[in-house]
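Student:
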Amino acid sequence: MRRLGAAAIEYAPPVLTLAAIVAVWHVVVASGRVPEYLVPAPGDVAGRIVSGWRLFLTHSVPTLTAITGGFFGAILIGLPLSVAMVYSKVFQRTVYPLLVGSQVVPKIALAPIFVVWFGFGMSSKMLMAFLIAFFPVVIAATAGLAATRPQSIMLIRSMGGGIWQEFWAVRWPMALPSIFAGLKVSVTLAVVGAIVGEFVGSDNGLGYLLVLARGAFDSVTIFAVIVWLSVLGLLYYSVVEIAERLLVPGPANRRRPGRDAAKEVTM
Amino acid sequence: MTGTSPGASTRIRIDAVSKAYVAGKQLVPAIAEVSVTAEPGQFISIVGPSGCGKSSLVMCVAGLVPVTTGRILIDDAVVDRPYTDLGIVFQDAELLDWRTALSNVMLQAEIRRLPAARYRARARELLDAVGLGDFHAKYPNELSGGMRQRVALCRALLHDPGTLLMDEPFGALDALTRDQMNLDLQRMWLERPKTVLFVTHSIEEAVFLSDRVLVMTPRPARLAADIAIDLPRPRRLAVKTTEPFNASVRRIRELFEGMGVLKDDA
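Which chain is which? The protein sequence lines are A and B, in order. So for the first sequence, our numbering puts the first residue at 1; every next one is plus one. So for the second sequence, our numbering puts the first residue at 268; every next one is plus one.
#1: If you reduce the DSSP assignment to three classes, tell me which class residue 361(B) lands in.
#2: Let me know the beta strand (DSSP E) ranges lying completely inside the region 372 to 410 of chain B, each 3 residues or longer, listed in chain order.
#3: Indicate the three-state DSSP secondary structure (helix, strand or coil) for residue 96(A) in the structure shown.
#4: Would you grab the beta carbon distance between residue 205(A) and residue 124(A) for me? Rounded to a whole angstrom, and I think it's under 8 angstroms.
#5: I need the boundaries of the beta strand (DSSP E) containing residue 310(B), first residue and last residue.
#6: The beta strand (DSSP E) spanning residue 296(B) covers which residue range?
#7: Applying the criterion that 16 or more other CB atoms from any shown protein chain within 10 Å of the CB defines a buried residue, is residue 456(B) buried or exposed?
#8: Looking at the unbroken alpha helix (DSSP H) that takes in residue 71(A), where does it start and where does it end?
#9: Quick one: grab the DSSP three-state call for residue 159(A).
#10: Taking beta-carbon pairs under 8 angstroms, can you tell me which members of the region 154 to 171 of chain A lie near chain B?
#11: Should residue 379(B) and residue 159(A) be called a contact, given that it needs their Cβ atoms to be closer than 8 angstroms?
#12: Rounded to whole angstroms, what is the Cα-Cα separation between residue 471(B) and residue 327(B)?
#13: Would you mind sorting residue 263(A) into buried or exposed? The rule is 16 or more other CB atoms within 10 Å of its CB.
#14: List, in order along the chain, the chain B residues whose C-beta lies closer than 8 angstroms to that of residue 254(A)?
#15: Tell me which same chain residues have a C-beta within less than 6 angstroms of the C-beta of residue 357(B), skipping the five on either side of it?
#16: Apart from the five residues on each side of it in sequence, which residues of its chain come closer than 7 angstroms, Cβ to Cβ, to residue 148(A)?
#17: Going by other Cβ atoms of all chains shown within 10 Å of its Cβ, with 16 needed for buried, is residue 228(A) buried or exposed?
#18: At least one CB of chain A closer than 8 angstroms to the CB of residue 386(B): is that the case?
#19: Along the region 405 to 423 of chain B, what residues have a CB closer than 7 angstroms to any CB found in chain A?
#20: Taking C-beta pairs closer than 9 angstroms, name the residues in chain B that residue 144(A) reaches, listed in chain order.
#21: Would you call the region 502 to 513 of chain B in contact with the region 462 to 470 of chain B, where contact means no fewer than 3 C-beta pairs closer than 8 angstroms?
#22: Between the region 278 to 285 of chain B and the region 299 to 310 of chain B, are three or more C-beta pairs nearer than 8 angstroms?
#23: Could you check whether the Cβ of residue 152(A) sits closer than 8 angstroms to any Cβ belonging to chain B?
#24: Within this structure, are the beta carbons of residue 201(A) and residue 115(A) separated by less than 8 angstroms?
#25: Using the three-state DSSP reduction, which class does residue 175(A) fall into: helix, strand or coil?
#26: How close, in whole Å, do the beta carbons of residue 346(B) and residue 339(B) come, if the pair is a contact with beta carbons under 8 angstroms?
#27: Just to confirm, are residue 369(B) and residue 404(B) a CB contact at a threshold of 8 angstroms?
#28: When the Cα atoms are used, what is the spatial distance from residue 270(B) to residue 329(B)?
#29: By DSSP, does residue 329(B) sit in helix, in strand, or in coil?
#30: Mapping DSSP to helix, strand and coil, what is residue 288(B)?
#31: Kindly indicate if chain A contains any beta-carbon less than 8 angstroms away from that of residue 349(B).
#32: Helix, strand or coil for residue 197(A)? Go by DSSP, reduced to three states.
#33: Could you tell me which chain A residues have their CB closer than 7 angstroms to the CB of residue 519(B), listed as they occur along the chain?
#34: What residues of chain A sit near residue 379(B), judged by a beta carbon separation below 7 angstroms?
#35: Let's test the definition: count the other Cβ atoms within 10 Å of the Cβ of residue 477(B) and tell me whether it reaches 16, buried, or not, exposed.
#36: Applying a beta-carbon distance threshold of less than 8 angstroms, which residues of chain A neighbour residue 329(B)?
And the structure:
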């Protein structure tokens, strides 16, 4: 009961704020000052989601596949790359500047060339999602893994521990909060990447639905898809948060990156 | 290393050791030609001005930092890699935030791959012995500075090493906590003797705890004096008001005044 109360206190302010925004939206549209084709009423948007959920769900499958592929690709390539950079000065000095420099390339602008290279299928969307999701994973993981204090390493060495034990006993658990902070940014960006990939060329997916609806000037569907996409993004974000809760050891406040950062500064 | 069995106190020979660090393009000397031998079971404090290289010397003994010239021998074996029959306590407790007090102590057993069940029992005993019986399951951020340092001490002693290295372990603690820590440390050391190198800023603390006090010069550290402290053990805090205690403190203070480290001309 107390837990329920605490949850209510935590979630009440954002939920109420959202409700207020929807209410204002409804009032403005109902007053007739904004034409329906520009901003549809919230009730119409909700109605479209209810009536079209089957269609939305069907088109969610390819979009979710692209997000998942891109996000896990970013983890599977980003984390080992970070580990390599932390352990090899040469590798870090070679790769890190290029990686940071490459961020000035507007990645979304690469979408058309991916379509040329990989066609209209899934791979071009996955690659787009991967490309955008990759950077925050690498930056957060590298920073987290490099933040280990030299004394902690010395401690493990004095216990006869080698590089392997040093990594699993100290570096990795110490870096996990930082890594998850990066993953949370990364997963929301993966959604953006997948949608952009679908904009540029596809015959299914939620991005494709948006393009279709635009062609028909169907702003109710456009809004409905945006709401649907936001919910999907939120769900995916929650999955990452649950994983964080399960995988980051130690007291709960380790998982609040704000507090962690504040501690780093005061130390 | 050699045939030392764990638990047997070690003989540490520091043989003409110098240490220099590279800072930019310069070579900055930290330790200059220090030679000293710690006999098995002796409690030896190292006092000296801030940044004189005391900590470097201890890290060299541990084999965690290479010497520039000279050598370190522990039980006649040259230390040229991290030496492992030892426990270390750093100035910051260096506890791992995500482990409980008990789990932090058990890190020692885990990394050394010692049997968990037996050492968990010993870890509990050690924590009980330093008054942390009710805090086994607490995380470091729930413990005070003194408690954290006690956990670090238990971790250093878990495997009953022949050598204990302490690098200003109580420097950040308040005076009362510090006195208590000194008493606890003495008691634990008397129960299971081991060779201790104890770096400190506090002359009183050094005299109270030690068999010998090594007085170091400002950087680069040289050995200025090696002073034997012949006070009976176990020592109680009241010893600090006795004449022999104060004579030793005074002698060390005068050495620092002679070096110009202390200027008592107010």
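Backbone N, C-alpha and C fix where the C-beta goes; we use that ideal spot for every residue, glycine too.
Tutor: In short:
#1: coil
#2: none
#3: helix
#4: About 11 angstroms separates the two Cβ atoms, so there is no contact after all.
#5: 310 to 314
#6: 293 to 305
#7: buried
#8: 42 to 87
#9: coil
#10: 154, 155, 156, 157, 158, 159, 160, 161, 165, 169, 170
#11: yes
#12: 25 angstroms
#13: Residue placement at residue 263(A) cannot be trusted, given a pLDDT of 41 that sits under 50; the coordinates are not used to answer.
#14: 364, 365
#15: 434
#16: 170, 171, 174
#17: buried
#18: no
#19: 406, 408
#20: Those do not exist, as residue 144(A) stays about 13 angstroms from chain B at its closest Cβ, beyond 9 angstroms.
#21: no
#22: yes
#23: yes
#24: yes
#25: helix
#26: 4 angstroms
#27: yes
#28: Its pLDDT being 41, under 50, residue 270(B) is placed unreliably in this model, and the coordinates cannot settle the point.
#29: coil
#30: strand
#31: yes
#32: helix
#33: Going along chain A, no residue has its Cβ under 7 angstroms from residue 519(B), so there is no contact; the nearest lies around 28 angstroms.
#34: 159, 160
#35: buried
#36: 154, 158
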